[in-house]
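One structure is given below, encoded as structure tokens.
Residue numbers (the working numbering): 142 to 653.
Right, dumping it as structure tokens:
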């Protein structure tokens, strides 16, 4: 390269000068840089062998977190795979997760563009899916301070109180005939009503609407988790997505949600029939912020819709499934069930409900929730990240524009970190300072770093509060003819991992 550059300048070899020496110096640096990059390119993480064109896509299976966990046992905690034409890094240990989420957080904190998340999050203005830039930082600041702050969590506690009281009344009626209840459905309903009242000021009740709403939520999660050919094969995938009907399906899902949010916002903007609320809901708060002309980012109607979508789908789904997995594990482990109920009842007494101020004193309940997060993290692979520049993870060189997956499900089952990792044993957290707030990389249900879930405080409070009340007032039995072995723990893959079959239990009013 040096000789090539010199030959491009007439007379260089015959009449050397400082300019020529400077050019020669640059040429040498370029050559050394190329040699270094070539050397770096060889220092890649181990990779499972893939297929032409497909790469490793065929190895993901129906439950990607499990498939990737099995591959990591053979190829290590840092693997480089190819999803079509997209390089993907998978990390599966606390140490490598810390490198991604803390040490190289700034290098790995963008998001890959996706057809499903792009459309449903209003063209990437939602903080969960948008790339990392100054705009994202401003929107995140607004979201954390005005929507998901600890102050807001306490501000809306009256909503949780109302919805849990309604659930207790509903279950008390069922105890008279000892009929089994669908735990999944009851928990989803109470969380959906809670989030709707917090976000929109009212719940949308009625069996017909609830069924429609639940289907829409399921469809949104399906779209966010769908296999978009264009995500992995940018050159021709868009055409195939259209031919397959995915574009039309996504458009319908988006328009249904958009029409709903449009109606909700219209009801809040100078609507004559809307009664003056005692407390502002999230839409009221965001509308007030949108009128602030001095704000670094002026909130638009689409911003409000995007934040509402994030709350509705994200908060309802993740909190619900955590409680469902917790109740499933407790039903399969009567010892733990009796122990956590004894703690709650000894602290709370004969009151009809557990109060939120009492949650902090329920140490064993907190351990039960931690153990549920360990074995059943809501997002098993977290939301994918994308490297913004070259960095080194686990001693390997990772190029820019590499997709990054943190397998928190695998981390929760790492035998190097957890003793008897497959066992549901809350006592492992006794005398331990490990928590789920993003500071301990053994337990990452909400992620960590810049991309940590902004709804952490609201989600954790909802889970502990509702779970405490379900366990306080009722003893739970299996339906007649069933045993612990009959409780299915099969998973259903998605952006979040659900329990495949509903949990059916019989609520028995506790006799004091």
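Positions of the beta carbon are idealized from the N, C-alpha and C atoms, including for glycine.
Best match in 573, 276, 616, 363 for proximity to residue 483 [C-alpha to C-alpha]: Out of 573, 276, 616, 363, the CA that lies nearest to the CA of residue 483 is found in 616.
Evaluate residue 377 with the Cβ neighbour count: other Cβ atoms within 10 Å of its Cβ, from every protein chain shown; 16 or more gives buried, anything less gives exposed. By the neighbour-count rule (16 or more Cβ atoms within 10 Å), residue 377 is not buried but exposed.
Pair within 8 Å by beta-carbon distance, residue 340 and residue 449: Cβ atoms of residue 340 and residue 449: closer than 8 Å.
Determine the closest residue to residue 391 out of 360, 246, 561, with distance taken between C-alpha atoms. Nearest C-alpha to residue 391: 360.
Closest to residue 575 by C-alpha separation, out of 564, 561, 553, would be which residue? Per the Cα distances, 553.
Sorted by chain position, which residues of the same chain lie with C-beta nearer than 6 Å to residue 89's C-beta, five sequence neighbours on each side aside? Within the shown structure, residues of the chain are numbered from 142 to 653, placing residue 89 beyond reach of any answer.
Let me know the secondary structure DSSP gives residue 477 once reduced to three states. Three-state result, residue 477: helix.
The alpha helix (DSSP H) that contains residue 300, what's its start and end? Per DSSP, residue 300 is one residue of the alpha helix (DSSP H) stretching across 298-316.
Three-state class that DSSP yields for residue 216 in the structure shown: Looking at residue 216 - three-state DSSP - the assignment turns out to be helix.
When you compare the CB positions of residue 546 and residue 588, do they come within less than 8 Å of one another, or not? Result no, Cβ atoms of residue 546 and residue 588 do not sit closer than 8 Å.
Residue span of the alpha helix (DSSP H) that contains residue 229, given as start and end: Per DSSP, residue 229 lies in no alpha helix (DSSP H); the unbroken beta strand (DSSP E) holding it starts and ends at 227-232.
Leaving out five residues before and five after residue 189 in sequence, what residues of the same chain have Cβ atoms less than 8 Å from its Cβ? Only 197, 200, 212, 215, 216, 220, 222 meet the Cβ criterion.
Buried versus exposed call for residue 297 [16 or more other C-beta atoms within 10 Å across all chains shown]: Label assigned to residue 297: buried.
Which of the three DSSP states is assigned to residue 583 in this structure? Three-state DSSP puts residue 583 in coil, outside helix and strand.
Could you check what DSSP says for residue 645 in three-state terms: helix, strand or coil? In the structure shown, residue 645 adopts extended strand secondary structure according to DSSP, grouped into three states.
First and last residue of the beta strand (DSSP E) that includes residue 137? Residue 137 lies beyond the stretch modelled for the chain, which goes from 142 to 653, so this question has no answer here.
State buried or exposed for residue 171, treating a residue as buried only when at least 16 other CB atoms are found within 10 Å of its CB. Confidence is the limiting factor: at residue 171 the pLDDT is only 42, short of 50, which leaves the residue's position unreliable, though a coordinate-based value still follows. Exposed is the call here.
Taking the alpha-carbon positions, what's the residue 354 to residue 393 distance? Whole-angstrom Cα-Cα distance: 14 Å.
Euclidean distance between Cα positions of residue 282 and residue 288: In a straight line, the C-alpha of residue 282 is about 10 Å away from that of residue 288.
Straight-line CA distance for residue 643 to residue 637? So the two alpha carbons sit approximately 16 Å from each other.
Below 8 Å between beta carbons: does that hold for residue 551 and residue 209? Against a cut-off of 8 Å, the Cβ pair of residue 209 and residue 551 comes out as a contact.
On the DSSP letters alone, give me the boundaries of the beta strand (DSSP E) that residue 615 sits inside. Start and end: 615-618.
Local Cβ density within 10 Å of residue 648, reported as buried at 16 or more and exposed below that: With 16 or more other Cβ atoms from the protein chains shown falling within 10 Å of its own Cβ, residue 648 counts as buried.
Is it the case that the Cβ atoms of residue 608 and residue 467 are separated by a distance below 8 Å? Yes, the pair counts as a contact, with Cβ atoms nearer than the cut-off.
May I ask you to report which of helix, strand or coil DSSP gives residue 636? Coil at residue 636, not helix or strand.
So, are the CB atoms of residue 334 and residue 495 less than 8 Å apart? Not closer than 8 Å, so no.
Inter-residue spacing [alpha-carbon to alpha-carbon] between residue 327 and residue 410: Near 32 Å, if we compare the C-alpha coordinates of residue 410 and residue 327.
For residue 244 and residue 593, what's the separation of their Cα atoms in angstroms? It is roughly 15 Å from the alpha-carbon of residue 244 to the alpha-carbon of residue 593.
Spatial neighbours of residue 343 in its chain, beta-carbon cut-off 8 Å, leaving aside the 5 residues before and after: The beta carbon of residue 343 lies closer than 8 Å to those of 337 in the same chain, with the five residues before and after it left out.
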